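Q: Just so it is clear: in the sequence shown, position 42 is 444 by this note's numbering, and no numbers are missing.
One structure coming up, written as C-alpha cells, with questions to follow.
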Amino acid sequence: MKIFRKLGMRSLAAAVVLAATAAPAFADKQSEAYVLANANTVLKVLSDKSLSDAQREAKFSDYMNKFAHMPTIARRVLGVNARSISQADFDKYYKTFEVYAMETYEVHFDQFRGEALRVTGSKDEDDRRSTVSTLIKSSQTGKDTKVFWDVLKSQDGQSYRVRDVGIDLGGSVLWLAQEQQAQFESYLNRNGGSIDKLIARINVLLADMEARKKDGRGSAYKG
403 MKIFRKLGMR
413 SLAAAVVLAA
423 TAAPAFADKQ
433 SEAYVLANAN
443 TVLKVLSDKS
453 LSDAQREAKF
463 SDYMNKFAHM
473 PTIARRVLGV
483 NARSISQADF
493 DKYYKTFEVY
503 AMETYEVHFD
513 QFRGEALRVT
523 GSKDEDDRRS
533 TVSTLIKSSQ
543 TGKDTKVFWD
553 VLKSQDGQSY
563 RVRDVGIDLG
573 GSVLWLAQEQ
583 QAQFESYLNR
593 NGGSIDKLIA
603 RINVLLADME
613 ARKKDGRGSA
623 YKG
C-alpha cells in the first residue's frame with residue numbers, strides 16, 4: 403500500500419510539473435501570434451505606396467495605438483514622476499508624447515520597410531508578461547536584425563499589448579521605452595519635475611526628428 407501511495411504521489415507531482423511547464427508555453431504561442439500578425443501589419447503600412455505621407459502616418463499611428471497601449475507607456479516613461487502628476491498635466495503631456503512616440507517608432511521601423519518579420523521564440527517573464535524574439539531584415543545593414551517585443555497579457559487573458567520594443571544594435575539592445583524613461587526622468591530631475599519643461603524638450607526632439615527625416619540622416623533617436 404505504501405508503495406502505491408508513493409507512486410501515486412510521484413505521479414501527481416509529475417502531473418503538476420507538467421501542467422506548470424505546459425501553460426506558459428501556450429501563453430507564449432499566443433504572444434508570438436499576436437506580435438507576428440500585428441507587427442507585420444504595421445510594417446506593411448510603412449511600405450504602402452498607395453498612401454500619401456499624411457495618410458501613412460495616420461494609419462501607422464492608428465495601428466500602433468492598437469498594438470501598443472500608449473497611455474500606459476506614457477506613464478511608465480515618466481518613472482517615479484508618474485505618481486505625482488495631475489490628470490490635467492498628464493493629458494497635456496500625453497498629446498505631445500503620443501506624437502513623439504509614433505515618430506520614434508516610425509524612424510526605427512523604417513529600416514524594416516517592406517520586410518516580413520519572423521518569430522524565433524519567446525520567454526515568459528511572469529504570469530502575464532513575455533518577451534517575443536523576432537528577426538527582420540534591415541535595409542541599413544542588409545542583414546537580419548533581432549527585434550524583441552515586451553508583451554503584456556490583460557488580466558482577463560483575452561487581449562495583449564506591447565509594452566516596449568527592443569532593437570539589437572549589434573551586441574547591445576536599445577529598448578525604446580526604457581531609453582525614453584531614462585531620458586525623461588533625468589530631465590525632470592534636473593528641472594524640478596516640471597511637466598511643461600519636459601513637453602518643451604519633447605517638442606525640440608520632435609523638430610530634430612523631422613529635420614533628420616527630411617535630409618536623410620537616418621535614425622533620429624537621441625537624447
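Glycine included, every Cβ here is placed at the ideal spot set by N, Cα and C.
From a predicted model like this one, the values you see are computed outputs, not experimental measurements.
On the DSSP letters alone, give me the boundaries of the beta strand (DSSP E) that Ile487 sits inside.
A: Segment: none, Ile487 is in no beta strand (DSSP E) and carries neither H nor E.
Q: Looking at the C-beta of Lys555, does it have a partner C-beta in chain D at a distance below 8 Å?
A: Going by chain labels, chain D is absent from the structure shown, which holds only one protein chain.
Q: Are Ala503 and Ile475 close, meaning C-beta to C-beta below 8 Å?
A: In this structure, Ile475 lies closer than 8 Å to Ala503 by Cβ.
Q: Would you call the stretch 511-520 in contact with the stretch 536-546, where contact means no fewer than 3 C-beta pairs closer than 8 Å?
A: Flag = yes, the stretch 511-520 and the stretch 536-546 touch.
Q: Could you tell me if Lys555 is buried or exposed, where buried requires 16 or more neighbouring beta carbons within 10 angstroms of its beta carbon?
A: Looking at its Cβ environment, which holds 16 or more other Cβ atoms inside 10 Å, Lys555 is buried.
Q: Secondary structure at Ala470, three-state DSSP: helix, strand or coil?
A: Ala470: strand per DSSP, three-state reduction.
Q: With C-beta atoms as the reference, is Val553 less than 8 Å away from Ser463?
A: Contact: no.
Q: So if DSSP puts Gly594 in a beta bridge, which residue, or which two residues, is it bridged to?
A: For Gly594, which the question treats as bridged, DSSP gives no partner whatsoever.
Q: Quick one: residues in its chain with C-beta nearer than 7 Å to the C-beta of Arg520, no 5 flanking neighbours on either side, listed in chain order?
A: These residues qualify, in order along the chain: Thr536, Leu537.
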